[in-house]
Every structure is written in structure tokens, then in C-alpha cells.
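Q: So that we are looking at the same thing, I have put the structure below in C-alpha cells.
There are 2 protein chains.
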Amino acid sequence: MDPREKHPGKLFVLSGPSGAGKGTICRKLLEETEKLELSVSMTTRSPRHGEVEGISYFFTEKEEFEEHIRCGNLLEHAQVYGNYYGTPKAPVLKKLAAGIDVILEIDMQGALKVKESYPDGVFIFILPPSMSELRKRLTGRGTETAEAIELRLGETLKELSYIEKYDYCVVNGVLEEAVARVKAIVVAEHSKVAFTAEELIASYKEEA
Amino acid sequence: MDPREKHPGKLFVLSGPSGAGKGTICRKLLEETEKLELSVSMTTRSPRHGEVEGISYFFTEKEEFEEHIRCGNLLEHAQVYGNYYGTPKAPVLKKLAAGIDVILEIDMQGALKVKESYPDGVFIFILPPSMSELRKRLTGRGTETAEAIELRLGETLKELSYIEKYDYCVVNGVLEEAVARVKAIVVAEHSKVAFTAEELIASYKEEA
Chain A
0 MDPREKHPGK LFVLSGPSGA GKGTICRKLL EETEKLELSV SMTTRSPRHG EVEGISYFFT
60 EKEEFEEHIR CGNLLEHAQV YGNYYGTPKA PVLKKLAAGI DVILEIDMQG ALKVKESYPD
120 GVFIFILPPS MSELRKRLTG RGTETAEAIE LRLGETLKEL SYIEKYDYCV VNGVLEEAVA
180 RVKAIVVAEH SKVAFTAEEL IASYKEEA
Chain B
0 MDPREKHPGK LFVLSGPSGA GKGTICRKLL EETEKLELSV SMTTRSPRHG EVEGISYFFT
60 EKEEFEEHIR CGNLLEHAQV YGNYYGTPKA PVLKKLAAGI DVILEIDMQG ALKVKESYPD
120 GVFIFILPPS MSELRKRLTG RGTETAEAIE LRLGETLKEL SYIEKYDYCV VNGVLEEAVA
180 RVKAIVVAEH SKVAFTAEEL IASYKEEA
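Top to bottom, those sequences are chains A and B. Per numbering that gives the first Met the number 0, residue 0 is the first one in the first sequence, and the count goes up by one each step. Per numbering that gives the first Met the number 0, residue 0 is the first one in the second sequence, and the count goes up by one each step.
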């Protein structure tokens, strides 16, 4: 057996400004990578048509969600338009223990909270190739006013000052290149001495 | 221009026990990777037939070599059978500044010296999949006695206790997989926030 297979999984947190393309990168990664699964969020909002419990979200009541907060069962949580959203810790830890990597796509505020509750995570910041390209992408979506887009761009500049909290940053100019970079990060993290050496050494010594 | 291209190269130090296959991995990497060059050693031994100055080695006299030691011009050096061998610092730094990654294949003692003189290097330990496989590979070479091979295996076990000094370890069971892992490490290292973020942020702010 390859000694690496004995090792548990890693949590990869993908974050970055809206329009950087973290969602697309995430989907591609999940399609193309073995032993990598998406973290499923918990929410108090009602299920929409087609959403499946445990796959789209874990749907729950407000009281139960607040109980999870009190018990420290969430890696992070936030309230948006009166609904709670959060990342339940137990399903993530269960996958990691089973040797499955977990990917979590989340905004910067959420990512920084996850870093506090799970500092062993690998934090990756996804960036657009330039501010003008980001403006173009946001405009292209056609879902926001010019004013809202300028607000988002200002927000992005502010977020950049937190980039030092992350381990890696990946510029998403050409999608395939960005996906390849994130994949390389996943492979490299599994080769880190701090992550893998202890069991490796034990296996050699046992054999000798 | 991709902002990443403005960044200088990185020094990758490949090390590990004899028979782990670091030489083969190194050759493959150089063949398959752009902007990656091998570090050329300096030596006081005489050129052998077919060896080319500046490609095989930088050939030099004992007095000149000792002057380089005194002036701190070498990243590491050692004496083997009366001849000096060392890694000149200037050609490595020149390549790094030109945005070329440099790979240095070296034994563990040399690697640890390089880590002192150039801690920004990325230190990768190449391991055989098992002690029995290492014994098989060394025996297969047919160049050493059974006794010498057992000595080497004992040496390997001792070297393992220094593995924590390295950043990464890569098990060389299937050559292509090991090469892919080292390539992933090269890509990931270039995406590290500590390495790339400062200039990236500057480019966004300038544009905004």
C-alpha cells in the first residue's frame, strides 16, 4: 500500500471577489479530481424547487441552527436577509478522516472565520486577471447596476489587503490554467513533510 | 502581461538517499518544464572526456576554489577524495533574477548547507517506496557489495530523521507520478501568497 493513502484529507478553502470565477473553478475541480468533495452548507432558508437535503444544503430550523452555533458545531456562520447560513463541522471532519479532501467555496469573511476555527485548512484566494476584466465580467452578467458594480470593485480592493491571510493566490485569466494551478496546490499540499512525513518514516523503520 | 511573469525564479533542491531516483526525476523535470535549469557545480577535479566547461562543471584550481570558499561565493561545498565540489552562488542568483527556476540535485549534507545559505529555497526529499525496493534498486545496479548496500540502507534510515528540515517529500514508486508531484510543487510554490501577492496587489491598485 502506498503510505500516502493512510493520510487523512485536507480542507481547501476557495475564496475571492465575486466575478473572480471561484464557483466555476470549484465545479471543474470536483469533476476532474478524485477523492475531493464539496462542503455542504446548513441554512434556515426554505428549500427551493429541486434542492436536495444533504446535497444542496442541510435545511434546518432557526432554533436548531442557533443551538449549533452555541455548541460550536459550525466552522463559520453568517446571517443574510434574516436567514442563517453556515458550515457544519462534523461532515467535513468525517470526510477528512476518511481520506477525502473537502473543498469549501466561500466569501472572504467566511474564509477568515474558517481559518480561526480550522487553521489546518489550505486557504486559496482566486483573483481576476485585472480590475478591468473583473468590471467586464460583472457587467456581462447583467444582474447589477453600474453603481453596484463599482461598489463591488471597491470592495475587492479592500479585500486584497487581507490576502496575506491566505496561503496561495491564483489568477483566473484562462480557466484551464487556473484549475491546473489549484490542482497542483492540492497535490503539493499532500506532499508536504509536515503532513506526510511522520507515517512515512514509521513505515520505513518498521520495515528495516 | 501576466503579473506572475514579473516574479523571479525559485531554487528547488532535490535530495534523498542514493537509489531513490532523484537523478532520473531531475532529468525528466528538465526535459518537460519550461524556465527550469540545472545548477552547475564547481570542481577542482580534472575534466573527463566529453565534459564541457560551464555545462558539466565549472572546472577550477584548488587555490581559486579556496578563495571562493573564503569569499562566501558558494552555496555549499564539500571535499571528496581530495577534490573540492561546490555550488557557485552567482550563476544561481542570476538565473533566479531572470525568472528562471533552478534545480539543484544534491545529497542531504549538501542540501542542509544550502538551506543555511539560501533558506528561500524549496527543499524536496525524494524517497524510495520502501526499504526493500531501495535494496532491490541498489542491488540491481551491480556496482556495490552486499555489505556496502546494507551500509547505505542504514545511512538512509539515519537521513530520515532529518526529513523535518525539508518542505516536501515525494515517494518515487512510479516515476511518472513522482515527476508529476514535483511539477505540482513547482507550480504551487509560484502561487504562494508570500511569493507573489505583493506585486499582484500593486498591479490591481495601480489600475483602479
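The C-beta atom is built at its ideal place from N, Cα and C for all residues, glycine as well.
Give every residue of the same chain whose Cβ lies closer than 7 Å to the Cβ of A:GLU158, excluding the five residues on either side of it in the sequence, and list them in chain order.
A: Once the five neighbours on either side are set aside, the close Cβ partners of A:GLU158 are PRO16, MET107.
Q: Figure out for me which residue from B:ILE102, B:TYR80, B:ASN82, B:ILE125 has the closest Cα to the Cα of B:PRO90.
A: Nearest of B:ILE102, B:TYR80, B:ASN82, B:ILE125 to B:PRO90, Cα basis: B:ILE102.
Q: For B:LYS27, I'd like the list of residues in its chain whose CB is within less than 6 Å of its CB, leaving aside the five on either flank, ordered along the chain.
A: Same-chain partners within the cutoff: VAL178.
Q: Could you name the residues of chain B that A:ALA207 contacts, counting a contact when the two beta carbons are closer than 9 Å?
A: Going along chain B in sequence order, the residues near A:ALA207 (Cβ under 9 Å) are MET130, LEU152, GLY153, THR155, LEU156.
Q: Can you grab the Cα-Cα spacing for the pair B:GLU143 / B:GLU65, in whole Å?
A: Distance between the alpha carbons of B:GLU143 and B:GLU65 is about 32 Å.
Q: Going along the chain, which unbroken runs of the alpha helix (DSSP H) with 4 or more residues stay wholly within the segment 111 to 167 of chain A?
A: You should have 130 to 140, 145 to 159.
Q: Check whether the Cβ atoms of B:ILE162 and A:ALA196 lie closer than 9 Å to each other.
A: For B:ILE162 and A:ALA196, yes; Cβs fall inside 9 Å.
Q: Drop a sphere of 10 angstroms on the beta-carbon of B:HIS67, count the other beta-carbons inside from all chains shown, and report buried for 16 or more, exposed for fewer.
A: Buried: at least 16 other Cβ atoms inside 10 Å.
Q: Name the chain B residues whose beta carbon is nearer than 7 Å to that of A:LYS204?
A: What A:LYS204 touches in chain B: LEU156.
Q: Leaving out five residues before and five after B:LYS182 in sequence, what residues of the same chain have Cβ atoms less than 8 Å from its Cβ?
A: Correct list, in chain order: LEU28, GLU31, THR32.
Q: Can you give me the C-alpha to C-alpha distance between B:SER38 and B:ILE99, rounded to a whole angstrom?
A: Looking at the two C-alpha atoms, the distance is approximately 11 Å.
Q: Give the DSSP-derived three-state secondary structure of B:TYR203 in the structure shown.
A: Three-state DSSP puts B:TYR203 in a helix.
Q: Going by DSSP, what residues sit across from B:GLY85 in a beta bridge?
A: For B:GLY85, which the question treats as bridged, DSSP gives the partners B:MET41, B:HIS76.
Q: Let's see if you can read the secondary structure: which residues bound the alpha helix (DSSP H) around B:VAL173?
A: Neither: B:VAL173 is in no alpha helix (DSSP H) and is coded neither H nor E.
Q: Roughly how far, in whole angstroms, is the beta-carbon of B:TYR165 from the beta-carbon of A:SER190, given that I think they are within contact range, below 8 Å?
A: Not quite, the Cβ-Cβ distance comes to about 10 Å (not below 8 Å), so this is no contact.
Q: With 7 Å as the limit, tell me which residues of the segment 189 to 201 of chain A have their beta carbon closer than that to any beta carbon of chain B; keep them in chain order.
A: Residues SER190, LYS191, VAL192, THR195, ALA196, LEU199, ILE200.
Q: I'd like to confirm the pairing. Which residues does DSSP put opposite A:SER14 in its beta bridges?
A: Note: A:SER14 sits in a beta bridge opposite A:PHE124.
Q: Quick check on the DSSP output: the beta strand (DSSP E) that includes B:GLU60 runs from which residue to which?
A: Element bounds for B:GLU60: n/a, residue is neither H nor E.
Q: Is B:LYS5 buried or exposed, if buried means 16 or more other CB atoms sit within 10 Å of its CB?
A: For B:LYS5, the predicted structure reports a pLDDT of 44, less than 50, and the residue's modelled location is therefore unreliable. The matter cannot be settled from this model.
Q: Can you tell me whether B:LYS61 is buried or exposed, with buried defined as 16 or more other CB within 10 angstroms of its CB?
A: It is exposed - the Cβ of B:LYS61 has fewer than 16 other Cβ atoms within 10 Å.
Q: DSSP beta-bridge partners for A:ILE68?
A: Its beta-bridge partners do not exist; DSSP assigns none.
Q: Determine, using beta carbons only, whether A:LYS9 and A:VAL185 come nearer to each other than 9 Å.
A: A contact, by the Cβ cut-off of 9 Å.
Q: Considering only the beta carbon of each residue, do B:VAL169 and B:ILE125 sit closer than 9 Å?
A: Yes, they are a contact pair.
Q: Tell me A:VAL101's beta-bridge partners as DSSP assigns them.
A: Answer is A:LEU10, A:GLU36.
Q: For the alpha helix (DSSP H) that contains B:ARG26, what are its first and last residues?
A: Where B:ARG26 is concerned, the enclosing alpha helix (DSSP H) stretches over 21 to 31.
Q: Is DSSP giving A:GLU188 helix, strand or coil here?
A: Helix at A:GLU188.
Q: With three or more beta-carbon pairs closer than 8 Å as the criterion, would you say the segment 108 to 115 of chain B touches the segment 67 to 83 of chain B?
A: Enough Cβ pairs lie closer than 8 Å, so yes.
Q: Using CA coordinates, which residue listed in B:SER40, B:ARG44, B:SER45, B:ALA96 is at the minimum distance from B:GLY53?
A: Selected option, being the one with the closest Cα: B:SER40.
Q: Could you confirm whether any beta carbon from chain B is found closer than 9 Å to the beta carbon of A:ASP166?
A: So, interface residue.
Q: By alpha-carbon positions, which one of A:TYR84, A:GLU36, A:GLU206 ends up nearest to A:LYS93?
A: For A:LYS93, the nearest C-alpha among the options comes from A:GLU36.
Q: Compare the Cα-Cα distances from B:SER116 to each of B:ARG134, B:GLY141, B:THR138, B:PRO87 and report the closest residue.
A: Closest option to B:SER116, Cα to Cα, is B:PRO87.
Q: So what's B:PHE194 in DSSP terms, helix, strand or just coil?
A: Helix.
Q: Given a cut-off of 9 Å, decide if A:VAL12 and A:VAL173 are closer than it, judged by their beta-carbon atoms.
A: Their beta carbons are not under 9 Å apart, which means A:VAL173 does not touch A:VAL12 by this criterion.
Q: In this structure, what does DSSP give as the bridge partners for A:GLU52?
A: Per DSSP, A:TYR56.
Q: How many angstroms separate the CA atom of A:SER45 from the CA atom of A:SER129?
A: For A:SER45 and A:SER129, the distance between alpha carbons rounds to 37 Å.
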